[in-house]
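Number of protein chains: 2
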Amino acid sequence: MSSENIDTRTKILQATVRSLEQSGGRGARMGDIAKESGISRQAVYLHFESRADLLTQAFLYLGDQLDVDGRLAPSRAAATGQERLERYIEFWGNFLPEIYGVAKALMMARDTDEAAAAAWKDRMEAMRHGCRAAIGALHADGALAEEWTRSKATDAFFAMLQVPNWEYLTQECGWSKKEYIRRMSVLAKRSFVAG
Amino acid sequence: MSSENIDTRTKILQATVRSLEQSGGRGARMGDIAKESGISRQAVYLHFESRADLLTQAFLYLGDQLDVDGRLAPSRAAATGQERLERYIEFWGNFLPEIYGVAKALMMARDTDEAAAAAWKDRMEAMRHGCRAAIGALHADGALAEEWTRSKATDAFFAMLQVPNWEYLTQECGWSKKEYIRRMSVLAKRSFVAG
DNA sequence: CGTGTCAATTGACACAGTGTCAAGTGATAA
DNA sequence: TTATCACTTGACACTGTGTCAATTGACACG
Chain Z
2 MSSENIDTRT KILQATVRSL EQSGGRGARM GDIAKESGIS RQAVYLHFES RADLLTQAFL
62 YLGDQLDVDG RLAPSRAAAT GQERLERYIE FWGNFLPEIY GVAKALMMAR DTDEAAAAAW
122 KDRMEAMRHG CRAAIGALHA DGALAEEWTR SKATDAFFAM LQVPNWEYLT QECGWSKKEY
182 IRRMSVLAKR SFVAG
Chain B
2 MSSENIDTRT KILQATVRSL EQSGGRGARM GDIAKESGIS RQAVYLHFES RADLLTQAFL
62 YLGDQLDVDG RLAPSRAAAT GQERLERYIE FWGNFLPEIY GVAKALMMAR DTDEAAAAAW
122 KDRMEAMRHG CRAAIGALHA DGALAEEWTR SKATDAFFAM LQVPNWEYLT QECGWSKKEY
182 IRRMSVLAKR SFVAG
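In the order they appear, the protein sequences are chains Z and B.
Quick note, the first sequence lines up with residues 2 to 196 if you use the numbering used here.
Quick note, the second sequence lines up with residues 2 to 196 if you use the numbering used here.
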């Protein structure tokens, strides 16, 4: 299900990413993706079990392409908790626009598909780890505001960064990528950093 | 389309609300709603143009039932900006669980339906007015933190209160209604109140 | 050269859910 | 008794996902 003829499989994954990016969050049908891949719709099903499977694989594929670890390095290397928080938001603000099309499609598929829900949850769990680490660093500095426990601050911080928030702020409110990063940093700093 | 035989129409609206509440955000089909109403699926279409129309009307109907204005009174009557902010979050934290089923269905319908998107946007615009008023009151007190303009603070405050955030915090993180209200108040206070 | 294998194609089909259409029913009112 | 009105019934079109079976075309091996 996974290794035969890497080429076509990859072609489909790339076409999926392209289609979903072009759609700007509006989604793409199996037929659209097949056309974009230059193969028949049925051939897609030779490589992926279902639409949910395809979206999941495309999401993972894109993650690999975009070198998440490398992009997270500045946050991990930060000297202080506060800097770590800021670098994390910076990472996220730059990363999210690049995965948005695929992420949105996967998010939407959650509503009708178990597997998509599980895949999304798994990825978001990884994201949440980053949030927890940043909050943890803040706490280690003794700089986590006293109203918060590490766990609850992680909940709130992660909630702040959710896709629908970003969607609202950038698409409805017209915040630019830079503004999103700047203001979310202010928000997080005021919310979680003591003093 | 709107006034003939109020009874059946109302019966359908109530059944819609009931179905969507019971589903806990998972949605309901036209057939389910018809069954719940005790009429035929086709009869629903005698009263509502489409699923999107039905969801929209059900959302408005529910809003009427729940006396939004009355519930907002404490916020409007608040003596200080900060209290207004807090009362607003309290209103929202108590209100949202009651409209969640219907709200979620309408939100989901946005993705495929123009009319649903417009209806949702319209309702959220009203919500946003409340946020703006609270932020405005804070500003009038000279208590809006200097990092924010009224407009940008409204964007951020409203984003904080979005349905998916609440969904995440209460359903994934297990925050109770009370905890949601308390912590969101802390969050908003730290984020927007000067000093 | 023939044969088998394997990826992909083609076209038909099942299924769910929304929405439409036309004919029919049954009660109420003129 | 006849017309009207709300509703029912059942059939059907449409979209999109997913399945199935038969076929094509390329490449590899004896």
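Note that the Cβ used here is the ideal one computed from N, Cα and C, for glycine as well.
Beta-carbon proximity check, residue 140 (chain B) vs residue 151 (chain B), cutoff 7 Å: yes
Residue 46 (chain Z) - containing alpha helix (DSSP H), residue span: 42-48
Within-7 Å CB hit, residue 244 (chain Z) to chain B: This structure cannot speak to residue 244 (chain Z), because chain Z is shown only from 2 to 196.
Residues, ordered as in the chain, of the segment 96-117 of chain B that lie near chain Z by beta-carbon distance below 7 Å: 109 and 112
7 Å Cβ cutoff met for residue 26 (chain Z) and residue 105 (chain Z): yes
Segment contact flag, the segment 85-101 of chain B with the segment 162-176 of chain B, C-beta cutoff 8 Å, min 3 pairs: yes
At least 3 beta-carbon pairs within less than 8 Å: the segment 8-18 of chain Z vs the segment 34-46 of chain Z: yes
Within-7 Å CB hit, residue 156 (chain Z) to chain B: yes
Proximal residues of chain Z, C-beta to C-beta of residue 75 (chain B) below 7 Å: The contacting residues do not exist; residue 75 (chain B) stays about 23 Å from chain Z at best.
Helix, strand or coil at residue 162 (chain Z) according to DSSP, with G and I counted as helix: coil
Partner residues on chain B for residue 163 (chain Z), Cβ-Cβ distance less than 9 Å: 163, 165, 166 and 169
7 Å Cβ cutoff, residue 194 (chain B) in contact with chain Z: no
Meets three-Cβ-pair contact criterion under 8 Å: the segment 47-65 of chain Z and the segment 111-120 of chain Z: yes
Sequence-distant residues of its chain with Cβ nearer than 8 Å to residue 75 (chain B) (five each side left out): 88, 91 and 92
CA-to-CA distance, residue 101 (chain B) to residue 8 (chain B), given in whole angstroms: 25 Å
Own chain partners of residue 23 (chain Z) with C-beta closer than 6 Å, once the 5 adjacent residues on each side are dropped: none
Any chain B beta carbon closer than 7 Å to residue 135 (chain Z): no
Bridge partners - residue 145 (chain Z), DSSP secondary structure assignment: Z:194
Any C-beta of chain Z under 7 Å from that of residue 88 (chain B): no
Of the listed residues Z:192, Z:130, Z:143 and Z:113, nearest to residue 29 (chain B) (C-alpha basis): Z:113
Coarse secondary structure for residue 67 (chain Z), derived from DSSP in three states: coil
Straight-line Cα distance separating residue 137 (chain Z) from residue 148 (chain Z): 15 Å
Residue 32 (chain B) - containing alpha helix (DSSP H), residue span: 31-38
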